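Contents: one structure, followed by commentary.
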Amino acid sequence: MVDVNDASGMGKQLQRQWELLEEADIPDADRAAISAFVTHRREIEDTARSTRRTDLSNLRCASERADVPLTEMDLADVRDLFDTLTTSRDQGGYGLDPSGSGMFDYKRALRVFFDWLDGDPEYGDYPFADRITLPDRDVQGAATEDEMLTPEEVERLKDAANHPRDRALIALLADVCPRVTLLLGLRVGDVSLDGDEPWFRPNPNVEDGHKGVDDDPIPILYSRGELRSWVNQHHPDPRDHAPLWPVLKGYDRENPQQCALGDDRLRDLLAECADRADLDKPAEPHHFRRVALTRMSNSDRLTPQEITHIAGWASQQMLEVYDYTTAEERNAAIHETLGFSDGKSGDGTDLDMDPVACPNCRTKVPSAAHFCPQCGAAVDEVVKSEVEDRKRRATEQSITADDPDAAVVYQKLAERLDMDPEFVRQALSDDAGHADSPS
């Protein structure tokens with residue numbers, strides 16, 4: 029369990045990097061300069077804790093691995109350090125990919141560090157900062173269309189969940205793809221599920237986990253049913269200040285702030301659900317974000333401004349990353365919009381989660397859903413048929429059973445199949461091999 033205001037544990041990670049800097053076997057001049065630089069980044073530039081943690085780590089490691097103190101380097105020394113970092117381990121280096129994220133982080137940190145040193149009168153001249161070029165980093169949506177989760181696969185993951193909390197988590201991840209720090213930092217009071225326009229608002233007490241996202245409400249689309257079921261029927265402590273995603277074991281009502289689900293446990297439970305669902309596609313949190321944003325970007329129902337708002341981006345530039353439409357599909361869409369055709373051309377990839385109304389309570393649920401998360405009624409025709417068949421057989425056996433006790437058992441089974449949707453869901457899930465204890 030973790031603090032709901034710091035679900036990623038960033039405070040502890042940052043503190044640990046400061047401790048490692050103090051313990052490191054590096055020149056004292058480097059230690060003092062790194063400390064002053066990171067303090068400047070906090071007090072003057074107001075950088076995020078994650079940025080300062082990365083700066084501390086990369087600059088400390090650079091000082092440890094360099095032959096020359098950072099504060100005494102010229103451009104040739106910097107290049108020698110980069111050679112050491114990218115040389116293979118069997119040749120005495122550290123084996124980093126010259127174009128990989130590791131080298132990008134080293135170069136970015138050193139470039140900003142030397143630029144700061146050059147502008148501070150306490151240090152010498154370091155005019156070479158802008159000559160440290162950063163490798164290109166390709167930002168991609170889902171790696172391929174084949175890896176993207178379909179609505180049916182999302183339903184399989186939800187059906188493989190062992191608890192309504194986990195179903196609701198998966199539903200919201202697949203719906204509007206909040207970043208993990210934003211998702212795990214939510215409290216019950218940060219969510220509004222009444223009416224036709226549900227929303228959630230980032231927890232303002234999370235120091236730096238929102239990456240520029242305003243504290244404005246973000247719409248909830250397809251996952252309202254699961255969220256309402258979780259909060260209104262199953263949440264152990266639905267007070268406004270309680271974590272929306274609490275731990276299920278060891279929850280302390282006297283100290284709810286410290287009882288939030290953590291990042292590591294979230295990743296574990298997603299992997300467990302994927303394993304039980306026999307799903308061989310990625311199921312880590314950021315993959316849900318990629319899939320949801322790809323679905324939104326390829327839809328003609330949301331404007332770029334609306335998608336940017338949901339995603340929490342500062343601009344529309346990232347939309348291009350998630351657009352998998354082909355020229356043929358764009359042509360068809362143009363003809364359809366202008367009324368020249370019905371727009372149907374090519375097979376495309378169906379990632380849409382078009383909602384349908386539950387026949388029992390009229391709650392909007394994803395078209396691939398098997399059950400209504402609000403009332404529990406079966407909405408999938410195959411599942412409805414299976415439930416009806418089980419009720420019919422239980423009723424028949426209650427009538428034909430020779431043993432009166434057995435007849436009562438079958439009668440109660442038929443009643444539960446008719447009146448207890450959660451029992452039905454669990455029965456079908458158990459038959460599919462989804463049985464584990466929640467945590």
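For the sequence shown, counting from 1, position 305 maps to 333 in the working numbering; every step adds exactly one.
By construction, the Cβ of each residue, glycine as well, lies at the ideal position given by its N, Cα and C atoms.
Everything numeric in this text was worked out from a predicted model, so none of it was measured.
Those residues which DSSP pairs with residue i across a bridge
| i | result |
| --- | --- |
| Trp227 | Ser220, Pro247 |
| Arg215 | Pro271 |
| Phe399 | Ala406 |
| Val30 | Ala288 |
| Val384 | Val393 |
Length of the line joining the Cα atoms of residue i and residue j
| i | j | result |
| --- | --- | --- |
| Arg295 | Val140 | 33 Å |
| Val5 | Leu249 | What is shown of the chain runs 29 to 467, which leaves residue 5 out entirely. |
| Glu149 | Ser129 | It is Pro, not Glu, that sits at residue 149 in the sequence shown. Whole-angstrom Cα-Cα distance: 32 Å. |
| Ala305 | Leu366 | 43 Å |
| Pro245 | Leu347 | 21 Å |
| Lys135 | Ile62 | 15 Å |
| Leu87 | Asp74 | 19 Å |
| Asp375 | Glu356 | The predicted position of Asp375 is uncertain, since its pLDDT is 46 and thus under 50; a value taken from the coordinates is nonetheless stated next. Rounded to whole angstroms, Asp375 to Glu356 spans 10 Å at the Cα level. |
| Pro192 | Trp258 | 6 Å |
| Gln333 | Lys309 | 30 Å |
| Asp144 | Leu307 | Correcting the residue identity first, residue 144 is Trp in this sequence and not Asp. If I take the Cα positions, the gap works out to 48 Å. |
| Arg229 | Arg267 | 16 Å |
| Gln425 | Ala435 | 7 Å |
| Asp464 | Asn190 | For Asp464, the predicted model reports a pLDDT of 46, less than 50, meaning its position is unreliable; a value from the coordinates is still stated below. Taking the straight line joining both Cα atoms gives about 7 Å. |
| Cys205 | Arg317 | 4 Å |
| His269 | Arg420 | 46 Å |
| Thr391 | Arg329 | 21 Å |
| Asp118 | Pro126 | 16 Å |
| Tyr154 | Leu177 | 49 Å |
CB contact flag (residue i, residue j, <8 Å)
| i | j | result |
| --- | --- | --- |
| Met38 | Arg81 | yes |
| Ala157 | Asp83 | no |
| Leu124 | Thr114 | yes |
| Pro163 | Pro97 | no |
| Glu287 | Met29 | The sequence shown places Cys at residue 287, rather than the Glu named in the question. Their beta carbons are under 8 Å apart, which means Cys287 touches Met29 by this criterion. |
| Arg207 | Gly340 | yes |
| Gly35 | Asp291 | Per the sequence shown, the amino acid found at residue 35 is Ala instead of Gly. Closer than 8 Å, so yes. |
| Leu185 | Cys301 | yes |
| Ala320 | Ala422 | no |
| Pro284 | Asp303 | no |
| Pro232 | Asp224 | no |
| Ala57 | Thr99 | yes |
| Glu312 | Leu289 | no |
| Val407 | Val384 | yes |
| Glu254 | Ala342 | no |
| Pro179 | Pro432 | no |
| Ile338 | Ser325 | no |
| Glu183 | Ala397 | yes |
| Tyr350 | Thr331 | no |
Bounding residues of the beta strand (DSSP E) (the contiguous stretch that carries residue i)
| i | result |
| --- | --- |
| Pro394 | 392-394 |
Extent of the continuous alpha helix (DSSP H) run through residue i
| i | result |
| --- | --- |
| Tyr134 | 129-147 |
| His262 | Here His262 belongs to no alpha helix (DSSP H), and DSSP marks it neither H nor E. |
| Asp280 | No alpha helix (DSSP H) contains Asp280, which DSSP labels as neither H nor E. |
| Pro179 | 179-187 |
| Lys40 | 38-51 |
| Asp291 | 291-304 |
| Phe110 | 103-114 |
| Thr67 | 56-71 |
| Ala90 | 77-93 |
| Leu197 | 192-204 |
| Phe316 | 313-325 |
| Ala339 | 332-339 |
Spell out a yes or no on whether the stretch 260-277 and the stretch 208-216 are touching, meaning 3 or more CB-CB pairs, one atom from each, closer than 8 Å.
yes
Okay, do the stretch 40-48 and the stretch 76-95 touch, 3+ Cβ pairs below 8 Å being the bar?
yes
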